[in-house]
Amino acid sequence: MLVGFGWTGAIMGQQLCDAGLNVVAFERGPWRDTPTDFATGFAQDELRYMWRHHLFQNVSDDTLTIRNNVNQEALPMRHLGSFLLGTGVGSGGVHWNGQIWRFLPTDFLTKSHNEKRYGKKTVSAYDMTVQDWGVTYEELEPHYDQFDQLCGTSGKAGNLHGQIQAGGNPFEGPRSNEYPNPPMLQTYGPTLFGKAAAELGRHPFPHPTGNMSQAYTNPLGAQMGACTYCGFCEKFGCGNYSKASPQTTVLPYLLQKSNFTLKTECEVLRVELTADKKRATGVTFVNSAGEEFFQPAEMVILSAYVLQNVRLLLLSGIGKPYDPKTGEGVVGKNYAYQTMSSVNVFFDDKLMNPFIGAGALATVIDDFNGDNFDHGGLGFIGGAYIAGMVTGGRPIEMIYTPQNTPAWGLEWKHAAAKNYLRSFSLSIHGSCMSARGNYLDLDPTYRDIHGRPMLRMTFDFTENDHKMSDYLTDRAAEVAKAMNPREIKLNRRTGSWSVTPYQTTHNTGGAIMGDNPKNSVVNKYLQTWDVPNVFSMGAGAFPQNAGYNPTATLAALAYMSADAIKSQYLKSPGPLVRG
Amino acid sequence: MVTKVNLRRRQLLVGGVAAGIAGTAAAAAVHDGELGAPPQTIRGAVPWKEGTADAPPGATGSGYTYFTPVEATFIEAAVARLIPNDEVGPGGVEANVPFFLDRQLAGPFGRGDHYYLGGPWPKGTPEQGYQSRFSPAQLYRAAIAAIDQYVGANLGAATFAKLAAADQDKLLKGLESGEVKLDGGVDAKSFFAMFLQNTKEGYFSDPIYGGNKDMGAWKMIGFPGAHYNYKDWVTRHGERVPFPPVGFKGRPGWET
């Protein structure tokens, strides 16, 4: 049984149905398909999808509470802002940008690698609680490759079998295969960014993407069309079958299987356990008509979003909840996010045409990500990729105006008119290290429409991440200046984390993986240590977040989990790793 | 429940965009959001139904349905200061933003369909974002009354609309920064942030929602609108893309 039907639900459904299991998936949101829900005739609607949240989770009957630290009272996130949660079939996989990244080999060894290179204090400074993942890049590589084949990722390899390739990312871990599709064409801004970066001795390459550079048929027989660069990916569904999503890559295949059932508008309230709490017997769910049912199951796979998976573990009594005072317990521990900043670039003489865009249309440098550079004396660990990126030129969201321009009035209007076509933005996509005080638990006050406690998020950026972000923003500014613009504007990551404005929907941790039950909720196969027939998918497994988008890594972890279930668990149901 | 309107294939094909959709949608009770569709069990095939589309809920009619005449006077005066009119491009009023705001507040957005409004309601920190019990429509109603009351009590005019433009700007800046405190349980900063955001939405969104009249705001900045294919232009670096803007209903001169 699958709880939630986005990327990991689709992948697990396909893998387990192919293994002959009877699979039923529960999705709390509605059915969605391309021609009905985001046809090309009306998909490019900035107001409806971005600002009125038409495809996002509706927080009116269920949200979470938020605060920056344990001394504050958590209050409800009353409107989506900082992150845009998905719902419905395909969930966030419908309205993502399609930015497909692998984490670096050293990203999986955050604690041991940095300890070895920079000393023990660097990983415990600022109350950080970073851990190794308990899985290596080498183990995950075949599964990263599976996801690339599924999505038809467009890109250029930088490291094939250990051989550095011209034109790709020279810092990436070794790949077993070239990308299934060539990189996308680059518009003017990313091209200028790449030239400027190369002049500074950096190593620019095209952003790997689930936007199709050409028509593609994936191993499941699903067909995708070439991207038309319309500039409406993130926050929107693709009407053109050009963006990898559960709809375009898995569903045409999976829905034909007689051993697969999908139930929409059905929300799982909790996982039911035997009296000794050693085994799940099934789930209790409620449908949109308000009818409550028990669904028995041999295996329960939590494949909802991070925040829902963690909440279901807490509500069901699976694993010991984390206590930030004592540092004991694991469920909810090491919640992390993504540390974002940007640099805007303004030209007088060059037309950027920002409306020609795609979700991952960018030229990128990875010289300052992870441990690709010497952190000696810098006072932080981690890093970011810097992308000269044009996801689109949607005018309510994406008009850049120079430093000190007011937000309204004639001066604002004139700045918008003057700069819209002539500006460009560099995105700095930073890591986020886990820390003792950042965690998820159940709120003592606020309840959802079903009467369940809401999830409570306690989070702020650490000094490590502020230092990292400042250093990286300076590196991006160097490239921006080398593009010879009229002026630039630095949008640094300052102050505490705020629920507004939009930053990124890359929430991680809370159901983290590790090599023993004392430091983690799940083992390397995403199986919970405490209840071996419950698995928890997704970015909740990340012990901290790297300077990359999380989707490919959480998909690879799902494929690896599916492999272990098929090859080991089905023969001998029980713990796949001895705790 | 989500009502999916019937969409004739022929309409979709006209001009490559969904000419006619908005007119069809106007007649249907389209639910803004995704709550409350009936539960479905899907097995054996993609449950796609020919001729259905979740078409956008455009604005219809003319005149104000939510704003009272007094409120409309405030909105028109304030929108004219947020986005003034001149030869560079249309002002907010000329772009029909007040009508857009009225229809937004009269509908699901105004009702707070995508807001959690349950209690308790402590004020919270700025980082915790919107913390009012008011839905957006309620907040506008309370804020407009509170602003006019503030003007009467402190600035020697009957209403905001009667102030000189420079004084209106000064007051708006005070709301923006939070220096001006309002009665009636209205957080001035929260209201201003929402009002400015909604004004820009009306200025730049597709004309089917009632603002961005004649796509004037898109013309001003050079955004081609709901244009679907730029493949031929991706590598034509620095060239001016000559397409005039197009909306979901096409553009003036199109035969639909």
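Protein chains in written order, with the working numbering: chain E, 468 to 1046; chain C, 1432 to 1687.
Glycine is no exception: its CB is placed at the ideal position from the N, C-alpha and C atoms.
Note that the structure is a prediction, hence the values are computed from the model and not measured.
Rounded to whole angstroms, what is the Cα-Cα separation between residue i and residue j?
i: A827 (chain E); j: I1578 (chain C); result: 44 Å
i: Y611 (chain E); j: G619 (chain E); result: 12 Å
i: L607 (chain E); j: I533 (chain E); result: 33 Å
i: D529 (chain E); j: L909 (chain E); result: 13 Å
i: G904 (chain E); j: T731 (chain E); result: 36 Å
i: A663 (chain E); j: P657 (chain E); result: 10 Å
i: M1635 (chain C); j: N538 (chain E); result: As written in the sequence, residue 1635 (chain C) is Phe, which differs from the Met given in the question. Distance between the alpha carbons of F1635 (chain C) and N538 (chain E): 41 Å.
i: L488 (chain E); j: K578 (chain E); result: 38 Å
i: G1538 (chain C); j: G749 (chain E); result: 41 Å
i: S808 (chain E); j: D1637 (chain C); result: 29 Å
i: E878 (chain E); j: A1490 (chain C); result: 30 Å
i: T830 (chain E); j: Y683 (chain E); result: 22 Å
i: K587 (chain E); j: G849 (chain E); result: 15 Å
i: Q1613 (chain C); j: D790 (chain E); result: For the sequence presented, residue 1613 (chain C) should be read as Leu rather than Gln. Cα to Cα, the separation comes out at about 41 Å.
i: N886 (chain E); j: R1671 (chain C); result: 14 Å
i: V1677 (chain C); j: V1528 (chain C); result: 19 Å
i: P497 (chain E); j: A592 (chain E); result: 45 Å
i: I768 (chain E); j: L779 (chain E); result: 11 Å
i: A1648 (chain C); j: N535 (chain E); result: 39 Å
i: R519 (chain E); j: E582 (chain E); result: 46 Å
i: F1679 (chain C); j: F699 (chain E); result: 14 Å
i: A1025 (chain E); j: E605 (chain E); result: 15 Å
i: W875 (chain E); j: T912 (chain E); result: 39 Å
i: T507 (chain E); j: N685 (chain E); result: 22 Å
Sort the options by Cα distance to residue i and report the nearest one.
i: L774 (chain E); options: E:G799, E:L1021, E:F1002 and E:Q653; result: E:G799
i: L483 (chain E); options: E:N836, E:P791, E:L1021 and E:K1033; result: E:K1033
i: L1627 (chain C); options: E:V753, E:F575 and E:K880; result: E:K880
i: G843 (chain E); options: E:R919, E:I863, E:Y585 and E:P873; result: E:Y585
i: T793 (chain E); options: E:Y1015, E:K1038, E:Q681 and E:T596; result: E:T596
i: L687 (chain E); options: E:G480, E:G473 and E:C694; result: E:G480
i: H562 (chain E); options: E:S709, E:D932, E:K985 and E:I478; result: E:S709
i: G1669 (chain C); options: E:Q723, E:T728, E:T654 and E:F703; result: E:T654
i: E645 (chain E); options: E:G629, E:A665 and E:G622; result: E:G622
i: T961 (chain E); options: E:M691, E:C705 and E:Y938; result: E:Y938
Determine whether the beta carbon atoms of residue i and residue j lie at a separation below 8 Å.
i: P821 (chain E); j: G860 (chain E); result: yes
i: M935 (chain E); j: S898 (chain E); result: yes
i: F505 (chain E); j: T1020 (chain E); result: no
i: K787 (chain E); j: V777 (chain E); result: no
i: L907 (chain E); j: R923 (chain E); result: yes
i: A764 (chain E); j: M468 (chain E); result: yes
i: A1508 (chain C); j: F1591 (chain C); result: yes
i: L693 (chain E); j: Q681 (chain E); result: In the sequence as presented, Leu is not what sits at residue 693 (chain E); that position holds Ala. The answer is yes: Cβ separation under 8 Å.
i: Y516 (chain E); j: F703 (chain E); result: yes
i: R1534 (chain C); j: G1641 (chain C); result: yes
i: V946 (chain E); j: I853 (chain E); result: yes
i: T858 (chain E); j: G837 (chain E); result: no
i: T806 (chain E); j: D932 (chain E); result: yes
i: P1010 (chain E); j: N839 (chain E); result: no
i: P713 (chain E); j: A477 (chain E); result: yes
i: M856 (chain E); j: S901 (chain E); result: no
i: N1016 (chain E); j: W568 (chain E); result: yes
i: E639 (chain E); j: G625 (chain E); result: yes
i: V556 (chain E); j: R499 (chain E); result: yes
i: L542 (chain E); j: P1557 (chain C); result: no
What residues from chain C crowd round residue i, counting only those whose CB sits closer than 7 Å?
i: E513 (chain E); result: S1636
i: E732 (chain E); result: A1468, P1469, P1470 and Q1471
Could you work out which residues of chain E lie near residue i, taking near to mean beta carbons separated by less than 8 Å?
i: W1685 (chain C); result: Those do not exist, as W1685 (chain C) stays about 14 Å from chain E at its closest Cβ, beyond 8 Å.
i: I1652 (chain C); result: P862, I866, A883, A884, Y887 and L888
Would you mind telling me which residues of chain E sit closer than 7 Å to residue i, beta carbon to beta carbon, in chain order?
i: L1606 (chain C); result: Within chain E, no residue comes near L1606 (chain C); the closest Cβ sits about 11 Å away, beyond 7 Å.
i: D1485 (chain C); result: T503 and D504
Which chain C residues sit within Cβ distance under 9 Å of residue i?
i: D910 (chain E); result: Result: empty, since nearest Cβ-Cβ is about 12 Å, beyond 9 Å.
i: P650 (chain E); result: None at all; the shortest Cβ gap to chain C is about 12 Å.
Identify the contact partners of residue i in chain C, using a Cβ-Cβ distance below 8 Å as the criterion.
i: A756 (chain E); result: P1469 and P1470
Name the chain E residues that come within less than 9 Å of residue i, Cβ to Cβ?
i: D1517 (chain C); result: L877, K880 and H881
Members of the stretch 1558–1589 of chain C that neighbour chain B once the beta carbon cut-off is set at 7 Å: Of the chains in the structure shown, none is chain B; the protein chains are E and C.
At least three beta-carbon pairs within less than 8 Å, the stretch 572–587 of chain E to the stretch 537–554 of chain E: no
Contact between the stretch 807–821 of chain E and the stretch 940–956 of chain E (3+ Cβ pairs under 8 Å): Touching, yes.
Cβ pair count under 8 Å reaching 3, the stretch 1567–1583 of chain C against the stretch 973–986 of chain E: no
Cβ pair count under 8 Å reaching 3, the stretch 968–977 of chain E against the stretch 744–759 of chain E: no
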